[in-house]
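Chemist: full-length UniProt numbering numbers the first residue of the sequence shown as 1 and each following residue consecutively. Glycine included, every Cβ here is placed at the ideal spot set by N, Cα and C.
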Amino acid sequence: MSLNDFIKQLDDLVESASKRFEDAINQTDHQVLEETRVEFLGAKSGKLKEAQKGLGKVAKEDKPAAGKRFNEVKTRLEELFQAAADVITGGGKKGKAEALDVTLPGIRPRLGHVHPITQTIDELKDIMGRLGFTAVEGPEIEDDWHNFEALNIPLEHPARDPLDNFYLNIAAASHGGGNQLLRSQTSTVQIRVMEESQPPIRIVSLGRVYRPDEIDATHYAMFHQIEGLLVDTNVTMADLKYVLRLFASSYLGGDIEIRFRPSFFPFTEPSVEVDMRWQDTWLEFGGAGMVDPNVLKAVGYDPEIVTGFAFGLGVERLCMRRHGINDIRYLYDSNTKFLAQF
């Protein structure tokens, strides 16, 4: 192939592409634009790709000139496509006198979707807000004092085992040093609030916690908790059970069955496990109890004057029960088709 023939082929290609991209602009049609792009700039079978094969047929001494012209044409086709795309999407103008046609159909923007966990957190905050609880937050990196000691969890307690926590290789700056870790519970927030406030206190904290649990249908190494705390005079276990029943029925429906089982937690006395009925079985969704007097003393409260209750519930399990999800891993697979259902 002679150099002149190759250049003429490229010039014809530019002329043809100009007309096709102009048609796409006149039709204001994204589909026509994309079809034209593939026709001329397609990586596999586009006309530019086909024309490139002609470079191999040009005489050796003419290849530099042919290659230069080919690159110029490639740049021109890309400019034609971008200019058409700008006009069709509103980023450019076809002509100075052209006015906006408001009768044309609009382009529906693609909107994001709120994750079901975030939806659950927002709704739980709303429910507890109606019960008089104020939402507060706390850090996810904690020290020994707030995560264990102030919660009446002694050094020898198995909950402090390095195999059961995500310890960090840095020392805490407060409370005489010590270890820092990713918090294993949102109970740390109640300590921080009580250290800075005096009763009456009625707060709720929602956030991420971290435990190296074996991942299965109901466990994950990172999950969310809702922590509630009420401290005042004459607070009793009856108040705790009433709040939790009202909370459960508000979120899961009036027909939800829940039960309280005696248990033990270092930071509450007495302590209970809270279960909900799900698929003909009982599923634990949190722990609760009356705030242990040692915890009240640790933050400077007099347990002879004030009492309180606290509870910590799993947000994921509440969300799963609400929406009939039987595997917690579905919530973290980033499958947009699954998440868009909620």
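Around the C-beta of Ala288, are 16 or more other C-beta atoms found within 10 angstroms, so that it is buried, or is it exposed?
Modeler: Buried, since its Cβ has 16 or more Cβ neighbours within 10 Å.
Chemist: Return yes when the Cβ of Trp282 is within less than 9 Å of the Cβ of Arg245, no when it is not.
Modeler: For Arg245 and Trp282, no; Cβs fall outside 9 Å.
Chemist: With distances taken from CA atoms, which of Glu284, Met276, Pro266 is nearest Gly254?
Modeler: Checked all of Glu284, Met276, Pro266; the closest Cα to Gly254 is Met276.
Chemist: Can you confirm whether the region 210-228 touches the region 326-339 when touching is taken to mean that 3 or more C-beta pairs between the two stretches lie within less than 8 Å?
Modeler: Yes, they touch.
Chemist: Go to Gly67, then tell me how far its alpha helix (DSSP H) extends in each direction, as first and last residue.
Modeler: Element bounds for Gly67: 63-88.
Chemist: With a cut-off of 8 Å on the beta carbons, I'd call Phe267 and Asn152 a contact; round off their distance for me.
Modeler: Indeed they touch by this definition, with Cβ atoms about 5 Å apart.
Chemist: Output the distance between the C-alpha atoms of Pro139 and Val189, rounded to the nearest integer angstrom.
Modeler: If I take the Cα positions, the gap works out to 8 Å.
Chemist: List the residues that DSSP assigns as beta-bridge partners of residue 343.
Modeler: Coverage of the chain is limited to positions 1 through 342, which leaves residue 343 absent and any answer about it impossible.
Chemist: Distance cutoff 9 Å, beta carbons only. Does Glu195 sit that close to anything in chain D?
Modeler: Structure shown: chain D not included; a single protein chain is present.
Chemist: Taking the beta strand (DSSP E) that Pro270 falls in, what are its first and last residues?
Modeler: It spans 268-278 - the beta strand (DSSP E) in which Pro270 sits, taken as one unbroken run.
Chemist: Identify which residue in Ile141, Met222, Leu33 has its Cα closest to the Cα of Gln180.
Modeler: The residue with the shortest Cα to Cα distance from Gln180 is Ile141.
Chemist: I need the straight-line Cα distance from Lys60 to Leu13, nearest angstrom please.
Modeler: Cα to Cα, Lys60 sits roughly 23 Å from Leu13.
Chemist: Are there three or more Cβ pairs, one per stretch, closer than 8 Å when the region 193-209 is compared with the region 121-139?
Modeler: They touch, by the three-pair rule.
Chemist: From His113 to Gly54, what does the alpha carbon distance come to, in whole angstroms?
Modeler: Distance between the alpha carbons of His113 and Gly54: 49 Å.
Chemist: Among the residues of its own chain, which have a CB less than 7 Å from the CB of Gly92, if the five just before and after it don't count?
Modeler: Model confidence at Gly92 stands at a pLDDT of 49, short of 50, so the residue's coordinates are unreliable; what they give is reported in the following sentence. The residues are Ala83, Asp86.
Chemist: Nearest by alpha-carbon distance to Tyr251: which of Ser45, Ile121, Ile25, Thr89 is it?
Modeler: Looking at the Cα atoms, Ile121 is the closest of the given residues.
Chemist: Count Cβ pairs between the region 190-197 and the region 159-168 that sit closer than 8 Å; are there 3 or more?
Modeler: No, because fewer than three Cβ pairs between the region 190-197 and the region 159-168 fall closer than 8 Å, the two stretches do not touch.
Chemist: Please check the pair Pro262 and Val272, which I expect to be a contact at CB under 8 Å, by giving their CB distance rounded to whole angstroms.
Modeler: Indeed they touch by this definition, with Cβ atoms about 6 Å apart.
Chemist: Starting from Thr28, follow the beta strand (DSSP E) in both directions and report where the run begins and ends.
Modeler: Segment: none, Thr28 is in no beta strand (DSSP E) and carries neither H nor E.
Chemist: Does the beta-carbon distance from Ala310 to Ala150 come in below 9 Å?
Modeler: In this structure, Ala150 does not lie closer than 9 Å to Ala310 by Cβ.
Chemist: Distance check for Ile305 and Asn147, CA to CA, integer angstroms please.
Modeler: Spanning the two alpha carbons is a distance of roughly 25 Å.
Chemist: Tell me the DSSP bridge mates of Tyr242?
Modeler: Answer is none; Tyr242 lacks a bridge partner.
Chemist: Select from Thr233, Ala17, Val58, Ile25 the residue whose C-alpha is nearest the C-alpha of Val42.
Modeler: In the sequence under discussion, the amino acid at residue 42 is Gly, which differs from the Val named in the question. Checking every option, the nearest Cα to that of Gly42 belongs to Ala17.
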